[in-house]
Amino acid sequence: MDKPDILTGPEKDQLFDRNFKPRGAIAFFLLLVLLGMIFWYGIYFLMLERV
Amino acid sequence: MNISKSLKRLIYWELGIPLTLLTIGIYHGLMQTIFRAGVIHQSSFAHLDYYQGLTLHGVINAVVLTSYFAVAFGHATITFYLKKEPHKWVSWLSFWLMTIGTVMAAWAMLAGKASVLYTFYPPLKAHPLFYLGAALLIVGSWIPLFSWANIYTAWKKENPQTKTPLAVVGTLVNFTIWFVCTLAVAYEVLVLLLPWAMGWKATVNVTLARTLFWFFGHALVYFWLLPAYIMYYTILPKLAGGKLFSDLAGRISLFLFLLFSVPVGVHHQFSDPSISRGIKMFQGLLTFGVAVPSFITAFTLAASLEYAGKKRGSKTLLGFFAKLPYLDASRYLFAYLIGGLILFIFGGLTGIVNASGVLNAVVHNTAWMPGHFHMTVAGPVFLSIIGMSLFLYSGLSGKPVFLPRVNVIIPYLWVIGILIFSTGLSWGGLIGEPRRTNLGMTYLNPKNELFTPEWVPTTMLALAGAIIMTFAALLFFIVFFGTMLRKKTAPGVLDFPVTEALHDEKRIPLFDTFKPWLLIMGIVILLAYIPAFINANKNPGPGAPPFTPANPVPEQTAQTSTP
Amino acid sequence: MSTLDPSEKKVIGITGGVLALFIFSILYAMGRNNELPACLPYDKAYLEPKVLQLDEKTFQVYAVAQMWQFQPYQINIPAGSEVDFFVTSKDVVHGFNISEKNVNLTAIYGNINKTTVKFEKPGIYKITCHEYCGVGHQAMQAEVIVNEVSIK
Chain A
9 MDKPDILTGP
19 EKDQLFDRNF
29 KPRGAIAFFL
39 LLVLLGMIFW
49 YGIYFLMLER
59 V
Chain B
1064 MNISKSLKRL
1074 IYWELGIPLT
1084 LLTIGIYHGL
1094 MQTIFRAGVI
1104 HQSSFAHLDY
1114 YQGLTLHGVI
1124 NAVVLTSYFA
1134 VAFGHATITF
1144 YLKKEPHKWV
1154 SWLSFWLMTI
1164 GTVMAAWAML
1174 AGKASVLYTF
1184 YPPLKAHPLF
1194 YLGAALLIVG
1204 SWIPLFSWAN
1214 IYTAWKKENP
1224 QTKTPLAVVG
1234 TLVNFTIWFV
1244 CTLAVAYEVL
1254 VLLLPWAMGW
1264 KATVNVTLAR
1274 TLFWFFGHAL
1284 VYFWLLPAYI
1294 MYYTILPKLA
1304 GGKLFSDLAG
1314 RISLFLFLLF
1324 SVPVGVHHQF
1334 SDPSISRGIK
1344 MFQGLLTFGV
1354 AVPSFITAFT
1364 LAASLEYAGK
1374 KRGSKTLLGF
1384 FAKLPYLDAS
1394 RYLFAYLIGG
1404 LILFIFGGLT
1414 GIVNASGVLN
1424 AVVHNTAWMP
1434 GHFHMTVAGP
1444 VFLSIIGMSL
1454 FLYSGLSGKP
1464 VFLPRVNVII
1474 PYLWVIGILI
1484 FSTGLSWGGL
1494 IGEPRRTNLG
1504 MTYLNPKNEL
1514 FTPEWVPTTM
1524 LALAGAIIMT
1534 FAALLFFIVF
1544 FGTMLRKKTA
1554 PGVLDFPVTE
1564 ALHDEKRIPL
1574 FDTFKPWLLI
1584 MGIVILLAYI
1594 PAFINANKNP
1604 GPGAPPFTPA
1614 NPVPEQTAQT
1624 STP
Chain C
307 MSTLDPSEKK
317 VIGITGGVLA
327 LFIFSILYAM
337 GRNNELPACL
347 PYDKAYLEPK
357 VLQLDEKTFQ
367 VYAVAQMWQF
377 QPYQINIPAG
387 SEVDFFVTSK
397 DVVHGFNISE
407 KNVNLTAIYG
417 NINKTTVKFE
427 KPGIYKITCH
437 EYCGVGHQAM
447 QAEVIVNEVS
457 IK
């Protein structure tokens, strides 16, 4: 009996779900934190300058 | 799901009244930027004074709109997910109290007798009906919680092993926060301010009043935000074509909000006297705590959107952002929700600056502040309110949306407007531009000795942004009221897109029960606020007599004698 | 928490780490003599606006905010002075903001607020009211004039 090379339908979905790793979301999150630190330290050094 | 005519009508009124009043709120928003940019150099325009308009803008947009919506959306989520309608006369009683209160407060503001801004700090005094109206609006909005809690307890008895739907957790958490925090402002209004405003009490402890207000005032912003979060967790991933990355993360976030929304109010009082440094720093630390659930949410939503984008074929690391249904008019709610998230990136991050103790001195009460909060309350909160109002109305009435292709771009116009507007305000704030000030009369009047040319570009940017925002709002009013005038083409039903979770997470009892969290919430509030209230009671000197905005001489009451 | 995805846990960890960094930075800044306003018991002596010179470079200013002016309206000091501001209000809540120097206080009836500032650079520093206080709020501004110290 031939085994299909490509998965179809629900098995494909299950494989997609199992293999899904949120790498992009981690990258987005790190960028978000970076942006936050830029804002925060921007104001921080402005404050220190004014002391 | 089919719902009763009574509940449909209730929701229509609870959406329709604030959206109608919003026209006044938006008008005054635009007017402020016109006054502030020095386009006009007057104290009032069209018989409406700047500070009166500012009060109307804050109260309508930030209190009336948000409270009515939260109640209507709460009714909808409880009914949809628990399959039982809230108690009929309890819900209508709530509506009437809120509406009578709103009418009283609206009268006081429109009559020029309550130009005290939505924070109504004493010793500035408003007409007693303003305070009474505010109290009724708030008490009215409590009432549905009790009916919902009843429905939930019954549901739990019948479904002991089923996870409480996330939207239900969100609604109950939200209104618990609301009930707890409004106790303080209800006390402030009914015990401290109303008798004083009526002349029965001669003085008021200003610091105590402010501390009570901010016990309420910070939690208020989570009351605004949590309905949007419910939509982000339970609706957004489905609309994007994906699944929720972690349902558990949503629950953890909601319970963290329950813990940390209230005991942080003193961060609005960093520059106040009589509250000790220790308490300010402790509550500042707790404020960092309340930032955590938002970061969890940011990641979880990004992961959910990444799932959706990858499913639609994205291959690169951040490419999933490009594969989302931004302009799909049949899923316009996605546009309203994603628009809010884009703004919340900036709104949330600037909020952390505000919470950071000594950094607060750079930004407090400058234009930076409204710059920040227009990227939060006028960002995810506002967009989710108007988007969901349209969605609920259209679904319940069976009327198709009017001008759907215009509708789907409204959120993006709004986002562009706010970004320009808030850039102007934030920049202005960093160079000393004050908030809550009619700049056009002095600081932005070239003929005045106080003219400050540095604030010309910043106020101009704000004006430009506001014009775009007003245009977007106008389009929304056309779409919403246009939809109301359309003919019904489908049966009117209550229906929400329901997002599936990616991982089939087991029910964890700790994150599916309220009691332990309520207990911790109570303990943290006591730890954070008992010292603050002791400070506010012990440290100040004499209380203050009432003053009206136009008169430096305090009002004489029956108990104060003229010297 | 055992079923919480590992990337969620990483996220909570990163968030906690960054917030801790901010906390340490704040503590450092506070060590640099840049604190939150101090807590002072009420005394009606502070209702009399005045400028007291304690020595060549040390001043105390009793600043009183009222509808709609600050008193004293103009404060003259030499560059390099250290000033203690004691701030209160005779009526409604006012703001007291010297934006170039991180001075950001609320003036409240029946309460005394205090902060200390060092004015190194000569110039005119505006004190702006930035809390709504009635119809004259937008005209409420005073100034600190920091004069160059002449070399003898």
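Chains as they are written, first to last, in the numbering used here: chain A, 9 to 59; chain B, 1064 to 1626; chain C, 307 to 458. We put the beta carbon where it would ideally sit given N, CA and C, even for glycine.
Cβ contact (3+ pairs, closer than 8 Å) linking the stretch 377 to 384 of chain C and the stretch 328 to 347 of chain C: no
Buried or exposed (CB count within 10 angstroms, at least 16 for buried), Gly17 of chain A: exposed
Among B:Tyr1456, B:Phe1238, B:Thr1350, the one whose alpha carbon lies nearest that of Val1416 of chain B: B:Thr1350
Meets three-Cβ-pair contact criterion under 8 Å: the stretch 1067 to 1086 of chain B and the stretch 1428 to 1436 of chain B: no
Residues of the stretch 1363 to 1394 of chain B with Cβ closer than 9 Å to any Cβ of chain A, in chain order: Thr1363, Leu1364, Ala1365, Ala1366, Ser1367, Leu1368, Glu1369, Tyr1370, Gly1372, Lys1373, Lys1374, Ser1377, Thr1379, Leu1380, Leu1381, Gly1382, Phe1383, Phe1384
CB contact check: Val1542 of chain B to chain A, cutoff 8 Å: no
C-alpha distance - Ala1100 of chain B paired with Met1438 of chain B, whole-angstrom precision: 20 Å
For Val367 of chain C, three-class secondary structure by DSSP: strand
Rounded straight-line distance, which links the Cα of Leu1422 of chain B to that of Gln1332 of chain B: 13 Å
For Glu388 of chain C, the residue or residues it bridges with in DSSP: C:Thr364, C:Lys424
Residues that Leu56 of chain A contacts on chain C, provided the C-beta gap is smaller than 8 Å: Ala335, Arg338, Asn340
Chain-ordered chain A contacts of Ile320 of chain C [CB-CB under 8 Å]: Phe37, Leu38, Val41
DSSP beta-bridge partners of Gln375 of chain C: C:Gln372
Bounding residues of the beta strand (DSSP E) (the contiguous stretch that carries His400 of chain C): 400 to 404
Proximity test, Cβ basis, 8 Å: Met307 of chain C and chain A: Here Met307 of chain C scores only 47 on pLDDT, less than 50, and its place in the model should not be relied on; the value that follows carries that caveat. It does not; no Cβ of chain A falls within 8 Å.
Lys1510 of chain B, buried or exposed, once every other Cβ within 10 Å from all chains shown has been counted against 16: exposed
Closer than 8 Å to chain A by CB, Phe1333 of chain B: no
Of the residues C:Lys363, C:Asn419, C:Gln377, the one placed nearest Ile433 of chain C, counting alpha carbons only: C:Gln377
Which listed residue (B:Ser1393, B:Ile1479, B:Leu1319, B:Leu1390) has its alpha carbon closest to that of Ile1047 of chain B: Not covered by the structure: residue 1047 of chain B. The range shown for chain B is 1064 to 1626.
Distance, Ile1479 of chain B Cα to Arg1314 of chain B Cα: 32 Å
Within the stretch 1541 to 1611 of chain B, ranges of the alpha helix (DSSP H) (whole runs, at least 4 residues): 1578 to 1601
CB contact flag (Tyr368 of chain C, Pro355 of chain C, <8 Å): yes
Chain A within 8 Å of Val1471 of chain B, Cβ atoms only: no
The stretch 1156 to 1172 of chain B / the stretch 1186 to 1205 of chain B touching (three or more Cβ pairs under 8 Å): yes
Range of the contiguous alpha helix (DSSP H) that encloses Lys1317 of chain B: Going by the sequence as given, residue 1317 of chain B is Leu instead of Lys. Segment 1310 to 1323, the alpha helix (DSSP H) holding Leu1317 of chain B.
Rounded separation between Thr309 of chain C and Lys315 of chain C - CA only: 10 Å
Through-space distance from Phe1279 of chain B to Ala1174 of chain B, alpha-carbon basis: 27 Å
Simplified DSSP assignment, three categories, for Thr1086 of chain B: helix
Which residues DSSP lists as bridging Tyr1395 of chain B, in chain order: Answer is none; Tyr1395 of chain B lacks a bridge partner.
Environment of Gln1619 of chain B [buried if 16+ CB atoms lie within 10 Å]: exposed
Burial state of Gln22 of chain A (16 or more Cβ within 10 Å): exposed
Local conformation of Ser395 of chain C per DSSP, three classes: strand
Neighbourhood of Gly1121 of chain B by C-beta distance below 7 Å, restricted to the same chain and skipping five residues each side: Leu1180, Tyr1181
Beta-carbon proximity list for Trp48 of chain A, same chain, < 6 Å, skipping 5 on both sides: none
Cβ-Cβ distance between Leu1283 of chain B and Glu1251 of chain B below 8 Å: no
As assigned by DSSP and simplified to three states, the class of Gly1461 of chain B: coil
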